[in-house]
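As they're listed, the protein sequences go chains G and F. Using the UniProt record's numbering, you'd call the opening residue of the first sequence number 1 and step up by one each time. Using the UniProt record's numbering, you'd call the opening residue of the second sequence number 1 and step up by one each time. Backbone N, C-alpha and C fix where the C-beta goes; we use that ideal spot for every residue, glycine too. Here the structure is a predicted model, which means the values were calculated and not measured.
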Amino acid sequence: MADNKAKSGLLLDIRNLRIEATVFPPGEAPKNIVLVHDVSLTLEKGKVLGLIGESGAGKSTIGLSSMGYGRGGVRITGGEVILNGRDILKGGKEGFRKLRGREVCYVAQSAAAAFNPAHKLMDQVVEATLLHGTATRAEAEKRAVALFKKLSLPNPESIGERFPHQVSGGQLQRVMTAMALCSEPDLIVFDEPTTALDVTTQIDVLAAIKDAIRDTHVAALYITHDLAVVAQVSDEIMVLRHGRLVEWGGTRQIIKEPRQEYTNALVSVHEIEHQEQNPGTTPFLSVKNVTAAYGRSHIKVLKNVSVDIYPGQTLAVVGESGSGKSTLARAITGLLPPEEGTVTFDGRPLANKLADRPKEDLRQLQMIYQMADVAMNPRQAVGTIIGRPLEFYFGIRGRERDRRVADLLDKIEMGKGFIDRYPAELSGGQKQRVCIARSLAAKPKLIICDEVTSALDPLVAHGILKLLLDLQKEESVAYLFITHDLATVKSIADSIAVMYRGEVVRYGAKSTVLTPPFDAYTDLLLSSVPEMEIGWLEKAIKGRRMASAGN
Amino acid sequence: MLDIKRIPIPALIGIVLTALFVLAAIFAPLIAPYGNGEIVGDVWEPMSATHLLGTDNLGRDLLSRMIYGARITLFIAVLATALSFSLGAVLGFSAAVFGGWFDTLLSRLVDLLMSIPTLIMALVVLSVLPTNLVTLILVMGILDSTRVYRLSRAVAVDINVMDYVEAAKLRGENEAWIIFREILPNALSPLVSELGLRFIYAVLFLSTLSFLGLGVQPPDADWGGMVKENKDGIVFGIGAALIPAAAIAALAISVNLVADWVLNRTTSLKGGRG
């Protein structure tokens, strides 16, 4: 493989790539849809090209085509994929087998799902190298240990002896990067490698990947929907939408001087204007010294947590996964009765258990979930989903109910036509809007929003946040906003509670919480949020005062 | 909303055949050329213009007996299946929703029932109780409901932890709403496919019981009983026993063709609109 590589700097040259798939709509004839419309790209040796776009933009499909792979019945129907001077699409099955795992390697989004839980990490890391016979086992293992060191994994000598479930998610992602690098490929495809990680872990993995790419001179396609992340690692960025190229240029040009309107929208997506409100004098919901645990476990998921929520305002609860923020929501709603402490609502204590609460209390607290698709019964039409709280709490039925449902649909900027659609017929953003309408239908005082935007594309999430803010003004409803995304917090919160390992480590009005001096954890959290700034990663790593919990 | 042209051909065949069986069962006295127990000719007469399917072991018209047999067979099988599904599904869903001791008690009881072979259980019960249609249907329905219980409990346990069920609980919905409005519609697909299978098992089980003399009592006969009555003819090369057997097979296939089609429609998450 080394012969023709040396001749030119060009490693990968994709020309007029066309990718199609057959869809089978129920009850209709199968039809062909084009996923990627004649996209061309080139990549030089040792360079990193970021592929960016929202879901369905075709970025993963294009990335995988560089190893001749079409996921789930997807077919490459046109164009050429020239790697190291030859068109790999003409190589047939045998050609792909030689190519994959040797010249091109792949790093998947969910490392936890991509590793075989029954084998030790080392066996999986060296597998491709041994299969291709490029090194003996001893050599490959030596190489793997060196890579573990480079990726700053703890105990590089012995971590290979562990099984996938014995290391954390961030570490597993780095082990997967080591696996991809172990057979010394020319190209690595990173498919959203940090999307499933916490911000504090993401920064470690990002830095590790960046160093490894630099030191091994491997070229990479970096697929993500987060422009701020891709700005840290790539030399060039390609913006895709609906399988078409929108804009392709150097990283600096894309983030500083985007030429296309769509790119501009992506770049400026994080900015929402929100004037912080002063906390009122009396909170309507206060959580006092709440301690909670799952089952009869001695490990307390919440330790002595106290927060207040004021009418018509937003309290954001921030923290990484496992910090107890969702558990706090479960304690407030009564799904997980606290062991100690009380939740007071409108000056009277709320019953600990859900079953003991009167209907009126249930109506006042509504919840919106992270995954809108599983938060709605797939067998109920939108009209039933939104109409049920009206029926249930207010006894509104028949035509009056339909009118109210139409009003609510109007409020969430969706038309009356959606009333008899089923959830499967809605897009991700529309689903979340319907969930918002369902909780609004109860006319609650508080809506708990559990990571409501984290499963959505940035532009769609932006729309949802704006909608939530507008609705807050109209209905003067309060939000308890659970999130790990600080950019979201900055745009909508009035007060913030930072949680770390079940405790509230910092709590107060937004402006005070976000003003230095910070405690070590808040500092880590704040400094880990990727900024759309070249060189931010290095600066952030240098300025850190504590290591993240995931490491 | 239901367009006949869009029904696939296998389903159409299934619907037509099943409808024929049902119509024959309902209008048996009008259609049947002779009475059920009427002896009209010689023993095992071949097919002829007067006796389209020939006569049986006692010289009764086989076609007439087939038509009356359809009535008994379908009536018992349908009611027994309906009973086993309503009982098994409701208890299974309740066990999943309530959990705790209710679930444990019910599940162990079902295990106990299932640990005794169905046939032996039925034989014991039916030989003690008076043999009439009601006991027959109750015994068949209750014994079969144990299978349905296990399936529906397993399906409902998975659905019960979905966010939309949690949302309904947070709203304050009672258990009945959760079982019938949240879980049941989503558990329908596996239940419908099981229904096609269980219905046929009910027909076969009834046949077995009649064959052993504990099912339908003479002079009435279900199809399985008619196989038994005419089985000796096979030795002499007389195919009278094969006709009710073929009817059972045809019913099995046509019911399952319909069930498969219903299944296809219930799995659609878009309200079957395509």
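Sequence-distant residues of its chain with Cβ nearer than 7 Å to residue i (five each side left out)
{"i": "valine 139 of chain F", "result": "Ala122, Val125, Leu126"}
{"i": "alanine 89 of chain F", "result": "Val148, Ser152, Leu191"}
{"i": "methionine 114 of chain F", "result": "Thr146"}
{"i": "valine 489 of chain G", "result": "Ala316, Val318, Thr483, Ile496"}
{"i": "alanine 441 of chain G", "result": "Ile386, Pro389, Leu390, Leu408"}
{"i": "leucine 74 of chain F", "result": "Phe21, Val22, Ala25"}
{"i": "arginine 544 of chain G", "result": "Leu524, Ser527"}
C-beta atoms of residue i and residue j nearer than 8 Å
{"i": "isoleucine 396 of chain G", "j": "leucine 409 of chain G", "result": "no"}
{"i": "asparagine 278 of chain G", "j": "aspartate 186 of chain G", "result": "no"}
{"i": "lysine 510 of chain G", "j": "valine 477 of chain G", "result": "no"}
{"i": "alanine 255 of chain F", "j": "threonine 18 of chain F", "result": "Residue 255 of chain F is actually valine in this sequence, not alanine. Cβ atoms of valine 255 of chain F and threonine 18 of chain F: closer than 8 Å."}
{"i": "alanine 219 of chain G", "j": "lysine 45 of chain G", "result": "yes"}
{"i": "isoleucine 492 of chain G", "j": "isoleucine 332 of chain G", "result": "no"}
{"i": "arginine 137 of chain G", "j": "leucine 147 of chain G", "result": "no"}
{"i": "leucine 525 of chain G", "j": "lysine 210 of chain G", "result": "no"}
{"i": "glutamate 157 of chain G", "j": "valine 145 of chain G", "result": "yes"}
{"i": "leucine 153 of chain G", "j": "phenylalanine 190 of chain G", "result": "no"}
{"i": "tyrosine 479 of chain G", "j": "cysteine 435 of chain G", "result": "no"}
{"i": "alanine 216 of chain F", "j": "serine 210 of chain F", "result": "Note on identity: in this sequence residue 216 of chain F is valine, with alanine being the wrong assignment. Result yes, Cβ atoms of valine 216 of chain F and serine 210 of chain F sit closer than 8 Å."}
{"i": "glycine 383 of chain G", "j": "aspartate 402 of chain G", "result": "yes"}
Through-space distance from residue j to residue i, alpha-carbon basis
{"i": "leucine 121 of chain G", "j": "valine 104 of chain G", "result": "20 Å"}
{"i": "methionine 95 of chain F", "j": "alanine 154 of chain F", "result": "According to the sequence provided, residue 95 of chain F is alanine. The question's methionine does not apply to it. Approximately 10 Å, taken between the alpha carbons."}
{"i": "alanine 6 of chain G", "j": "alanine 140 of chain G", "result": "The pLDDT assigned to alanine 6 of chain G is 44, lower than 50, so where the model puts this residue is not dependable; a value taken from the coordinates is nonetheless given after this. The straight-line gap from Cα to Cα measures roughly 24 Å."}
{"i": "leucine 63 of chain F", "j": "asparagine 57 of chain F", "result": "13 Å"}
{"i": "leucine 206 of chain G", "j": "valine 258 of chain F", "result": "55 Å"}
{"i": "valine 36 of chain G", "j": "glycine 243 of chain G", "result": "4 Å"}
{"i": "isoleucine 72 of chain F", "j": "alanine 351 of chain G", "result": "57 Å"}
{"i": "isoleucine 116 of chain F", "j": "leucine 143 of chain F", "result": "10 Å"}
{"i": "tyrosine 310 of chain G", "j": "glycine 280 of chain G", "result": "6 Å"}
{"i": "threonine 208 of chain F", "j": "valine 78 of chain F", "result": "16 Å"}
{"i": "alanine 455 of chain G", "j": "threonine 512 of chain G", "result": "29 Å"}
{"i": "alanine 520 of chain G", "j": "proline 337 of chain G", "result": "31 Å"}
{"i": "isoleucine 237 of chain G", "j": "threonine 251 of chain G", "result": "5 Å"}
{"i": "leucine 43 of chain G", "j": "arginine 71 of chain G", "result": "22 Å"}
{"i": "glutamine 232 of chain G", "j": "isoleucine 255 of chain G", "result": "11 Å"}
{"i": "residue 583 of chain G", "j": "glycine 14 of chain F", "result": "Look at the range of chain G in this structure, 1 to 551, and you will see that residue 583 of chain G is not part of it."}
Beta-carbon proximity list for residue i, same chain, < 8 Å, skipping 5 on both sides
{"i": "residue 552 of chain G", "result": "Residue 552 of chain G is absent from the model: chain G starts at 1 and stops at 551."}
{"i": "glycine 35 of chain F", "result": "Ser64"}
{"i": "lysine 98 of chain G", "result": "Gly91, His132"}
{"i": "phenylalanine 518 of chain G", "result": "Arg506, Leu526"}
{"i": "valine 229 of chain G", "result": "Thr194, Gln202, Leu206, Pro530"}
{"i": "residue 557 of chain G", "result": "Not covered by the structure: residue 557 of chain G. The range shown for chain G is 1 to 551."}
One or two residues paired with residue i in a DSSP bridge
{"i": "valine 107 of chain G", "result": "G/Phe190"}
{"i": "tryptophan 177 of chain F", "result": "In DSSP, tryptophan 177 of chain F forms no bridge with anything."}
{"i": "isoleucine 482 of chain G", "result": "G/Val317, G/Asp450"}
{"i": "glutamine 217 of chain F", "result": "According to DSSP, glutamine 217 of chain F bridges with nothing at all."}
{"i": "valine 498 of chain G", "result": "G/Val318, G/Arg506"}
{"i": "leucine 365 of chain G", "result": "G/Leu446"}
{"i": "proline 164 of chain G", "result": "Looking at the DSSP assignment, proline 164 of chain G forms no beta bridge with any residue, so it has no partner."}
{"i": "glutamate 20 of chain G", "result": "G/Val34, G/Arg75"}
{"i": "tyrosine 222 of chain G", "result": "G/Gly50, G/Phe190"}
{"i": "leucine 240 of chain G", "result": "G/Leu245"}
{"i": "aspartate 346 of chain G", "result": "Aspartate 346 of chain G is not bridged to any residue."}
{"i": "serine 189 of chain F", "result": "In DSSP, serine 189 of chain F forms no bridge with anything."}
{"i": "glutamate 80 of chain G", "result": "G/Arg15"}
Own chain partners of residue i with C-beta closer than 6 Å, once the 5 adjacent residues on each side are dropped
{"i": "glutamate 20 of chain G", "result": "Asn32, Val34, Arg75, Thr77"}
{"i": "aspartate 235 of chain G", "result": "Lys47, Val48"}
{"i": "aspartate 103 of chain F", "result": "Ala95"}
{"i": "alanine 437 of chain G", "result": "Ile386, Leu408, Ile412"}
{"i": "histidine 226 of chain G", "result": "This sequence places aspartate at residue 226 of chain G; histidine is not what is there. Nothing meets the Cβ criterion."}
{"i": "isoleucine 238 of chain F", "result": "Trp44"}
On the three-pair Cβ rule with 8 Å, is the stretch 283-301 of chain G touching the stretch 337-352 of chain G? yes
Should the stretch 289-296 of chain G be regarded as contacting the stretch 326-345 of chain G, the criterion being three or more beta carbon pairs within less than 8 Å? yes
How do the stretch 295-307 of chain G and the stretch 459-473 of chain G stand: do at least 3 beta-carbon pairs fall below 8 Å, yes or no? no
Touching by the beta-carbon criterion (3+ pairs, under 8 Å), the stretch 74-93 of chain G and the stretch 210-228 of chain G: no
Under 8 Å: do the stretch 397-416 of chain G and the stretch 354-365 of chain G share three or more Cβ pairs, one atom per stretch? no
Counting Cβ pairs closer than 8 Å, one from the stretch 129-139 of chain F and one from the stretch 79-86 of chain F, do we hit at least three? yes
Are the stretch 177-197 of chain F and the stretch 215-227 of chain F touching, with three or more C-beta to C-beta distances below 8 Å? no
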